[in-house]
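Everything on this sheet refers to the single structure shown next.
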Amino acid sequence: MVEVTHLKREEQGTRDLRRAGLKVTLPRLRILEILEESDPHHLSAEDIYKDLLANDHDVGLATVYRVLTQFEGAGIVTRHHFAGGQAVFELDNGDNHDHIVCMKSGKVSEFKDPQIEERLIEIAEELGYSLTDHRIVLYGVYRDESDS
Ligand SMILES: [Zn+2]
0 MVEVTHLKRE
10 EQGTRDLRRA
20 GLKVTLPRLR
30 ILEILEESDP
40 HHLSAEDIYK
50 DLLANDHDVG
60 LATVYRVLTQ
70 FEGAGIVTRH
80 HFAGGQAVFE
90 LDNGDNHDHI
100 VCMKSGKVSE
110 FKDPQIEERL
120 IEIAEELGYS
130 LTDHRIVLYG
140 VYRDESDS
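Start counting the sequence shown at 0; every next residue gets the next number (numbering that gives the first Met the number 0).
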């Protein structure tokens, strides 16, 4: 049963890579799987590298960076540079959510607010633009860490 779901996932990954115009290679498949299964799903290249090592996949850190850059170019992943941390990557599923980052732990949470988005469209229009994309990052301290 486990084997069956694993095969399905691999087929899915193969399809995703082909659709993005990338050749299917083992490192690409493995890294795609890690990004798909991670929870929370904002991972640094080193997080992915450690996950590969822990599962006996012999992929170097330089390869992880290269694959992530290829994924970014192909529109499969989004790269974020949150203040005070290293770049993190997440699968781009097109839902265009925003982020809040804890300044103590680096914890990242996601949110989506239709009212804010409506307002952003209005602001852009007032300035003579039609909005095509936006990124909002809030910084704060996660409540469980605020008193420690
Ligand atoms: Zn996110």
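Glycine included, C-beta positions come from ideal geometry on N, C-alpha and C.
So what does DSSP say about residue i, is it helix, strand or coil?
i, result
"Asp160", "Given that the chain is displayed from residue 0 to residue 147, the structure contains no residue 160 and the question cannot be resolved."
"Gly139", "strand"
"Phe70", "helix"
"Asp38", "coil"
"Asp97", "strand"
"Val218", "Because the chain here runs from 0 to 147, residue 218 falls outside it and cannot be looked at."
"Glu62", "What sits at residue 62 in the sequence shown is Thr, not Glu. Helix."
"Thr24", "coil"
Would you decide whether residue i is buried or exposed? Buried here means 16 or more other CB atoms lie within 10 Å of its CB.
i, result
"Met0", "Caution applies to Met0, whose pLDDT of 49 falls short of 50 and renders its modelled position unreliable; the model cannot decide the point."
"Phe110", "exposed"
"Gly83", "exposed"
"Tyr48", "buried"
"Asp226", "One cannot answer for residue 226 here, as it falls past the ends of the chain, which runs 0 to 147."
"Glu10", "exposed"
"Gly59", "exposed"
Hey, out of the options, whose CA is closest to residue i's CA?
i, options, result
"Glu89", "Gly127, Ala44, Leu126, Glu121", "Ala44"
"Ile99", "Val136, Tyr128, Ala53, Leu31", "Val136"
"Asp94", "Arg134, Ala86, Lys106", "Arg134"
"Glu57", "Gly83, Arg29, Asp46, Arg78", "According to the sequence displayed, residue 57 carries Asp and not Glu. When each option's Cα is compared against that of Asp57, the closest is Arg29."
"His40", "Leu126, Gly127, Ser108, Glu117", "Ser108"
"Tyr64", "Asp46, Arg142, Phe81", "Asp46"
"Lys106", "Ile122, Glu32, His96, Arg142", "Arg142"
Within the same chain, show all residues whose beta-carbon is closer than 8 Å to that of residue i, passing over the 5 residues directly before and after it, in chain order.
i, result
"Glu36", "none"
"Thr62", "Pro26"
Under 7 Å Cβ to Cβ from residue i, same chain only, skipping five residues before and after it: list those, please.
i, result
"Val140", "Cys101, Met102, Lys103"
"Leu21", "Arg27, Gln69, Ala73"
"Val76", "Leu34, Leu67, Phe70, Phe88, Glu89, Leu90, Asp91"
"His80", "Ala86"
"Glu191", "Residue 191 lies beyond the range of the chain shown here (0 to 147); nothing can be said about it."
"Arg78", "Glu71, Ala86, Phe88"
"Asp55", "none"
Report all residues from its chain with a CB closer than 6 Å to the CB of residue i; omit the five preceding and five following residues, and keep chain order.
i, result
"Glu116", "none"
"Ile120", "Leu130"
"Thr13", "Val23"
- Query: Got a list of residues with beta-carbon closer than 5 Å to any non-hydrogen atom of ligand 1, in chain order?
  - Reply: Result: Glu89, Glu109.
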